[in-house]
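S.K.:
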Amino acid sequence: MSDVTRNGRTPHYFFSSVTRNSDLWERPFEVRPVPRSDWSARDFVVGEVVGSRNRLYQCETKTGRMAHVVRGDLMIGALGTRAATLEGVGDWTEIGTDGAMDALTSAGLFGKGTSLSPLLPDLVQMQYQGHVVRDGKPLGMGDFVEPAAPARFDLPVILLIGTSMSAGKTTSGQVIIRALKYLGHRVVAAKLTGAARYRDVLTYRDAGADAILDFVDAGLPSTVVPEPVFHEALDLMLNRLAGVGAEFAVIEAGASPLEPYNGSLVIDALRDQLALTVLCASDPYAVLGVQHAFADRLVPDLVTGPAANTGAAVQLVSRLTGLPAMNLMDRANHPALLALLRDKLSLG
């Protein structure tokens, strides 16, 4: 398959958000099948949407806007791996010779689903059409990564970690960014681990962050990758963050540091810069689990998320762990949040 379809018309592609740093919509390319043995993680591939449509049949486009897709549509994404505790698990290496694959996230993380929550409908099913090829060479996310000059990252960090995905990290980060901007400071926000989803860092920009960044900017569709690969991407991200000229960095480690997304490596890399560590938890007992797992490495300064939704939950967190908890969605708690930020960041 080239840039002309079998019916003679130029195809319309949905460029998923993992392609957002590329030039695929500006310069010509071809779509050619590549032998399965030559596939690699982060390759750009084209999938034709098949299967029965459901609420997951959407594509997060390169701008972050969600677009509905139907059978016959062509999506461009990147091969990768997902290991979500609450939703789905899949891996590009599980795609067979028949080319049947799935969109593991709406952002264009492509692989073959191997485990799916019973609470979700089927993933977006696709049929492999070929790799994105230019000048005879398959293209991947790494071909469009902009290098960053080496720099010392020494910004004070507000670190957001979670007990799982969907524990309130992005929502909490949004509130904290707004608070820092209210106090008159320049903020950079980043999501350093997880599975691709542009809307998380866009939420940070909407909250007022002066600059945003995530692992897609370092050429990864997800951070379920070998440690050396992630270390290289992390160095690039920290160099970029250092060059922004911000006063503070709000950094999210997606998923949980106990999951295979390399979140624990982020904690180790940022240890000397940690000014405030916020643990977003699904429930009070999950707080206890993370506290036990990281007893010798990390002590959260604040617990939030669903584990702090009610007064009863806050009291249980305190009784189980001795940690303070706060519902950041309750505006009545915002003066206490501002006081905590002033104290931890030495703002006077």
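For the sequence shown, our numbering assigns the number 441 to the initial residue and increments by one for each residue that follows. We put the CB at the ideal spot given by N, CA and C, even for glycine.
Can you give the Cα-Cα distance for R737 and S557, rounded to whole angstroms?
M.R.: Cα to Cα, the separation comes out at about 32 Å.
S.K.: Which first and last residues belong to the beta strand (DSSP E) in which Y453 is found?
M.R.: Y453 to F455 is the extent of the beta strand (DSSP E) around Y453.
S.K.: Quick check on S555: does DSSP put it in helix, strand or coil?
M.R.: In this structure, S555 counts as strand in the three-state DSSP scheme.
S.K.: Since I believe I707 is in contact with A693 (beta carbons under 8 Å), could you give me their beta-carbon distance rounded to a whole number of angstroms?
M.R.: With a Cβ gap of about 7 Å, A693 and I707 count as contacting.
S.K.: Rounded to whole angstroms, how far is the Cβ of R476 from the Cβ of A588, which I believe are closer than 8 Å?
M.R.: About 34 Å separates the two Cβ atoms, so there is no contact after all.
S.K.: List the whole-angstrom C-beta distance separating M605 from T525, where the pair is believed to meet the contact cut-off of C-beta under 8 Å.
M.R.: Their Cβ separation, rounded to whole angstroms, is 6 Å, which keeps M605 and T525 in contact under 8 Å.
S.K.: Determine the direct distance from the alpha carbon of H671 to that of D655, and round the result to whole angstroms.
M.R.: It is Phe, not Asp, that sits at residue 655 in the sequence shown. Cα-Cα distance, rounded: 11 Å.
S.K.: For A507, which residues of its own chain have a beta-carbon under 7 Å away from its beta-carbon, when the five flanking residues on both sides are left out?
M.R.: Excluding residues within five positions, the ones whose Cβ falls inside 7 Å are F454, Q498, C499 and T501.
S.K.: So, helix, strand or coil for A726, using DSSP?
M.R.: DSSP places A726 in helix when its eight states are reduced to three.
S.K.: Between which residues of its own chain and V628 is the CB-CB distance below 8 Å, once the five residues before and five after are set aside?
M.R.: For V628, where only same-chain residues beyond five positions count, the Cβ hits under 8 Å are L595, A649, D650, A651, I652, L653, L681, V684, A686, F688, A689 and V690.
S.K.: For T643, which residues from the same chain have a beta carbon less than 7 Å from its beta carbon, with the 5 sequence-adjacent residues on both sides left out?
M.R.: T610 and Q614, listed in sequence order.
S.K.: Would D568 be called buried (16 or more neighbouring beta carbons within 10 Å of its own) or exposed?
M.R.: With the sequence shown as reference, residue 568 is identified as Tyr, and Asp is not the correct amino acid for it. Result: buried.
S.K.: Sort E470, G530, N494 and G487 by Cα distance to P578 and report the nearest one.
M.R.: The shortest C-alpha separation from P578 is found at E470.
S.K.: Starting from F670, follow the alpha helix (DSSP H) in both directions and report where the run begins and ends.
M.R.: Residues E667 to A682.
S.K.: Among T744, A543, H452 and D712, which has the Cα closest to the Cα of R592?
M.R.: Closest option to R592, Cα to Cα, is D712.
S.K.: If you draw a straight line from the C-alpha of R637 to the C-alpha of V739, how long is it?
M.R.: Spanning the two alpha carbons is a distance of roughly 28 Å.
S.K.: Which value, in whole angstroms, describes the spacing of the CA atoms of D634 and M566?
M.R.: The sequence given here has Gly at residue 634, not Asp. So the two alpha carbons sit approximately 23 Å from each other.
S.K.: Would you kindly check if the distance between the Cβ of S462 and the Cβ of F550 is under 8 Å?
M.R.: No.
S.K.: The alpha helix (DSSP H) spanning D708 covers which residue range?
M.R.: Element bounds for D708: G703 to L710.
S.K.: Over the uninterrupted beta strand (DSSP E) stretch that includes I691, give me the two end residues.
M.R.: Unbroken beta strand (DSSP E) run through I691: F688 to A693.
S.K.: Roughly how far, in whole angstroms, is the beta-carbon of R511 from the beta-carbon of V489, given that I think they are within contact range, below 8 Å?
M.R.: So it is a contact: roughly 6 Å between Cβ atoms.
S.K.: Note down, one range per segment and in chain order, each alpha helix (DSSP H) of at least 4 residues found wholly within the stretch 595-673.
M.R.: The stretch 595-673 contains these whole alpha helix (DSSP H) runs: 609-622 and 638-646.
S.K.: Going by CA-CA distance only, name the one from A753, F484 and T717 that's closest to L777.
M.R.: Of A753, F484 and T717, the residue nearest in Cα terms is T717.
S.K.: Have a look at A733 and N702 and give me their C-alpha separation to the nearest angstrom.
M.R.: So the alpha carbons of these two residues sit roughly 15 Å apart.
S.K.: Kindly indicate which three-state DSSP category P746 falls into: helix, strand or coil?
M.R.: Correct three-state label for P746: helix.
S.K.: Which parts of the stretch 508-596 are runs of the alpha helix (DSSP H), unbroken and 4 residues or longer, counting only runs that do not cross its ends?
M.R.: Qualifying alpha helix (DSSP H) stretches: none in this window.
S.K.: What whole-angstrom Cβ distance do G536 and A481 have, given they're in contact under 8 Å?
M.R.: Going by Cβ atoms, the distance from G536 to A481 rounds to 17 Å, so no, they are not a contact pair.
S.K.: Helix, strand or coil, according to DSSP, for G788 in the structure here?
M.R.: Three-state result, G788: coil.
S.K.: For R626, which residues in the same chain have their Cβ closer than 6 Å to its Cβ, ignoring the five residues on either side in sequence?
M.R.: D650, A686 and E687.
S.K.: Are there 16 or more other CB atoms within 10 angstroms of the CB of R446, so buried, or fewer, so exposed?
M.R.: With a pLDDT of only 46 at R446, under the threshold of 50, the placement of this residue in the model should not be trusted; the figure read from the coordinates follows. That one is exposed.
S.K.: Answer with buried or exposed for P590, where buried requires no fewer than 16 other C-beta atoms within 10 angstroms of its C-beta.
M.R.: Burial call: exposed.
S.K.: Helix, strand or coil for M441 per DSSP?
M.R.: Residue placement at M441 cannot be trusted, given a pLDDT of 40 that sits under 50; the coordinates are not used to answer.
S.K.: Quick one: using the 10 Å Cβ neighbour count with 16 as the cut-off for buried, is T750 buried or exposed?
M.R.: The residue in question, T750, is exposed, as its Cβ has fewer than 16 Cβ neighbours within 10 Å.
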